[in-house]
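**Q** Protein chains in written order, with the numbering used here: chain A, 1 to 276; chain B, 1001 to 1339. Okay, handing you the structure first.
Right, here's the structure in full:
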């Protein structure tokens, strides 16, 4: 406990001043983006912080010129595939590393973790040529397959599984559950907060991918939201606020998801362990 | 398919379990009769839990056989052995309600929803859990969780109950109450109980038979009274009884090459005795008084019923060893020798 002699009211005021200042730092770019998105192109540089001449035309134009409807659909499909696959592969591999005994388990897990040290940029060229050889350029499988499993997810879920008491596994065995039964009935329900957080991360990171979709989509129909924005920026280089409006459009779903699941996200990251 | 033993006798034949070159259980043979309440008693690390886990099927024996009824079960999965287990930590499913926890073994076995609800309700009623059926384990006290673990075990009506120190996480009062409940439960059910503990009070009060273990081996099997009255080895003599039996070296009490054991309550203060000693500590416990002294290098304890006769620290007292209460042990093997 702080033993400050300052009156409580002043301390609160100080704390809130700091919080408000930090909030402004975070919210300022979002505000500028929103103001820009709702202005016509020729007014965007006048009073850039004030919402004058409010219009939806810029958003409409961005939607049409960037083919953002199609990009949103593509991104949603790819992000859903990747999210589901990442959770499933993480759960299965984490279970093996946490509960099964097999020769070389520690070594294999070490190799898994080592892949975390390799940045995606280092592998993008090889992955691109592999995907091209498979004939998967401009396809959902090309966009999704390289991300179906992550060492991070395996590691995260394994840590949660390791907190489950050994007695619980054995009680389940006595009750008649095999490995998949235990996974379904006990391990996964108890790891749910973490799996929720993992799913959210998987979805967000796929949604926000830029390098990979731009690398393998040569056809505008296979743009995801980020590569769609890039295409919009290149095509409409004289209308900077079209990109701003496009950014608002592609950020909106993420915004909604975060609002709905923020509790889950925080709980999954902070809890992890299971209460007995 | 579930194997169900008509007779739930358990037979262990030359059972051995080796972990990393160390024998946790070493050539143990033990017959547990149908409807017996067998206590596996011993200090930490003596192999009693490993033995229990081999009966339950959670450990595979390195060698030897486990049979339930007349069937060798070495290669039968735990779920098919008709054995239920109560764990020291209770091992309840924290995300399921009490009702779902109790029902779970039935659900896995494909019992219909209405039937398992009914059986769970009965098991809960037996253990006084009816009002907690909708709660999660986290909302229950230690004693209540313990009873849920028991209910989850009895709902299956197993032939054999394995319990691994199920009372050790309870406070003293609750432990006493639960001991009595378990004895009553054993009387009501037609099952065989195999119960692991390091607590001799549990062993003496609950078991119909006690198997005392040390370093992976069986020291003695018998009724609690037999084990107390005629310990088969120095280890058993000193492990059972509080305070433990005094064991004096060769030549102090009688003129034979044997170790002499005598329980503190049988040792008498006798002013005329030739065995003289000096009192080092006197403990007044209310209903009894413990007088500590030394005979040569060996500490001894005398238990007196009353406070009045107790000597004081530093007093010189004589000790007499009534012959009918002496236990004689071979100094080489530490095994009992009959007089």
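Idealized CB from N, CA, C, for every residue including glycine. All values derive from a computational prediction rather than experimental measurement.
Got a sec: is the Cβ-Cβ distance from residue 277 of chain A to anything in chain B below 8 Å?
**A** Chain A is shown only over 1 to 276; residue 277 of chain A falls outside these bounds and no answer can be derived.
**Q** How many angstroms separate the CA atom of residue 1101 of chain B from the CA atom of residue 1157 of chain B?
**A** Rounded to whole angstroms, residue 1101 of chain B to residue 1157 of chain B spans 15 Å at the Cα level.
**Q** Given that residue 1117 of chain B touches chain A, what residues does it touch there, using C-beta distances under 7 Å?
**A** The premise fails here: residue 1117 of chain B is roughly 17 Å from chain A at the closest Cβ pair, so nothing lies under 7 Å.
**Q** Which value, in whole angstroms, describes the spacing of the CA atoms of residue 145 of chain A and residue 1032 of chain B?
**A** If you take the alpha carbons of residue 145 of chain A and residue 1032 of chain B, they lie about 58 Å apart.
**Q** Just to check my reading of the structure: residue 157 of chain A and residue 194 of chain A have Cβ atoms closer than 8 Å, yes? What is that Cβ distance to the nearest angstrom?
**A** Going by Cβ atoms, the distance from residue 157 of chain A to residue 194 of chain A rounds to 6 Å, so yes, they are a contact pair.
**Q** So, is residue 1082 of chain B buried or exposed, given that buried needs 16 or more other C-beta atoms within 10 angstroms?
**A** With 16 or more other Cβ atoms within 10 Å, it is buried.
**Q** Closer than 8 Å, CB to CB, is residue 181 of chain A near chain B or not?
**A** Yes, residue 181 of chain A lies at the interface with chain B (some Cβ there is under 8 Å from its Cβ).
**Q** Out of B/1105, B/1040, B/1188 and B/1026, state which residue places its alpha-carbon closest to the alpha-carbon of residue 1212 of chain B.
**A** The shortest Cα separation from residue 1212 of chain B among B/1105, B/1040, B/1188 and B/1026 belongs to B/1040.
**Q** Ignore the nearest five residues each way along the sequence and tell me which others in residue 1311 of chain B's own chain have a CB closer than 8 Å to its CB.
**A** Excluding sequence neighbours, residue 1311 of chain B sits near 1269, 1279, 1282, 1291 and 1317.
**Q** Rank B/1123, B/1090 and B/1319 by C-alpha distance to the C-alpha of residue 1164 of chain B and give the top, closest one.
**A** Among B/1123, B/1090 and B/1319, the Cα nearest to that of residue 1164 of chain B is on B/1090.
**Q** What's the call for residue 223 of chain A, buried or exposed, on a 16-neighbour Cβ count within 10 Å?
**A** Residue 223 of chain A comes out buried.
**Q** Provide the residue span of the beta strand (DSSP E) that contains residue 1222 of chain B, from first to last.
**A** Where residue 1222 of chain B is concerned, the enclosing beta strand (DSSP E) stretches over 1217-1222.
**Q** Go ahead and pull the three-state DSSP assignment for residue 1017 of chain B.
**A** Note: residue 1017 of chain B maps to strand in three-state DSSP.
**Q** Tell me the DSSP secondary structure of residue 210 of chain A in three-state form.
**A** Of the three classes helix, strand and coil, the one that applies to residue 210 of chain A here is coil, per DSSP.
**Q** Would residue 33 of chain A count as contacting chain B if we go by Cβ distances under 8 Å?
**A** With 8 Å as the cut-off, residue 33 of chain A does not count as an interface residue toward chain B.
**Q** Quick one: which chain B residues come within Cβ less than 7 Å of residue 186 of chain A?
**A** 1093, listed in chain order.
**Q** Taking the C-alpha atoms as reference points, what is the distance between residue 267 of chain A and residue 20 of chain A?
**A** Straight-line Cα distance between these residues: approximately 24 Å.
**Q** If the cut-off is 9 Å on Cβ atoms, which residues from the stretch 1040-1069 of chain B count as contacting chain A, listed in chain order?
**A** Within the stretch 1040-1069 of chain B, the qualifying residues are 1053, 1056, 1057 and 1058.
**Q** Taking C-beta pairs closer than 7 Å, name the residues in chain A that residue 1264 of chain B reaches, listed in chain order.
**A** Going along chain A, no residue has its Cβ under 7 Å from residue 1264 of chain B, so there is no contact; the nearest lies around 38 Å.
**Q** Relative to the C-alpha of residue 1266 of chain B, which candidate in B/1242, B/1284 and B/1274 has its C-alpha closest?
**A** Checked all of B/1242, B/1284 and B/1274; the closest Cα to residue 1266 of chain B is B/1242.
**Q** Do the CB positions of residue 175 of chain A and residue 1087 of chain B come within less than 8 Å of each other?
**A** No; because the gap between Cβ atoms is not below 8 Å, this pair is not in contact.
**Q** If we count the other Cβ atoms within 10 Å of its Cβ and call it buried at 16 or more, is residue 216 of chain A buried or exposed?
**A** Looking at its Cβ environment, which holds 16 or more other Cβ atoms inside 10 Å, residue 216 of chain A is buried.
**Q** Just to confirm, is the Cβ distance from residue 86 of chain A to residue 150 of chain A under 8 Å?
**A** Yes. Within cutoff.
**Q** In chain A, what lies closer than 7 Å to residue 1019 of chain B by C-beta?
**A** Those within 7 Å of residue 1019 of chain B in chain A number zero; the least Cβ separation is about 13 Å.
**Q** Can you tell me where the beta strand (DSSP E) with residue 1321 of chain B in it begins and where it stops?
**A** Unbroken run through residue 1321 of chain B: none, as it is neither H nor E.
**Q** Flag residue 176 of chain A as yes if its beta-carbon sits less than 8 Å from any beta-carbon of chain B, otherwise no.
**A** Yes, residue 176 of chain A counts as interfacial toward chain B.
**Q** Should residue 178 of chain A and residue 68 of chain A be called a contact, given that it needs their Cβ atoms to be closer than 8 Å?
**A** No, Cβ-Cβ distance for residue 178 of chain A and residue 68 of chain A is not below 8 Å.
**Q** Relative to chain B, which residues along the stretch 35-53 of chain A have a C-beta separation below 8 Å, given in chain order?
**A** For the stretch 35-53 of chain A, which is checked against every Cβ of chain B, not one residue is closer than 8 Å.
**Q** My parser needs the alpha helix (DSSP H) runs of 4 or more residues fully inside the stretch 67-116 of chain A; what are they?
**A** As far as the stretch 67-116 of chain A is concerned, its whole alpha helix (DSSP H) runs of at least 4 residues are 68-99 and 105-114.
**Q** Would you mind working out which of B/1276, B/1306, B/1275 and B/1133 sits nearest residue 1285 of chain B, comparing C-alpha positions?
**A** The candidate whose alpha carbon is nearest that of residue 1285 of chain B is B/1306.
**Q** Does the CB of residue 193 of chain A have a neighbour CB from chain B at under 8 Å?
**A** Chain B contact via Cβ: absent.
**Q** Should residue 198 of chain A be flagged as near chain B, meaning a C-beta pair shorter than 8 Å?
**A** It does not; no Cβ of chain B falls within 8 Å.
**Q** CA-CA distance, residue 1337 of chain B and residue 1185 of chain B?
**A** Approximately 38 Å between the Cα atoms of the pair.
**Q** May I ask which residues mark the beginning and end of the beta strand (DSSP E) holding residue 1084 of chain B?
**A** Where residue 1084 of chain B is concerned, the enclosing beta strand (DSSP E) stretches over 1083-1086.
**Q** Rank B/1035, B/1043, B/1245 and B/1051 by C-alpha distance to the C-alpha of residue 1024 of chain B and give the top, closest one.
**A** Among B/1035, B/1043, B/1245 and B/1051, the Cα nearest to that of residue 1024 of chain B belongs to B/1051.
**Q** Which word fits residue 1012 of chain B, buried or exposed, when buried means at least 16 other C-beta atoms lie within 10 angstroms of its C-beta?
**A** Counting Cβ neighbours within 10 Å, residue 1012 of chain B comes out buried, since at least 16 surround it.
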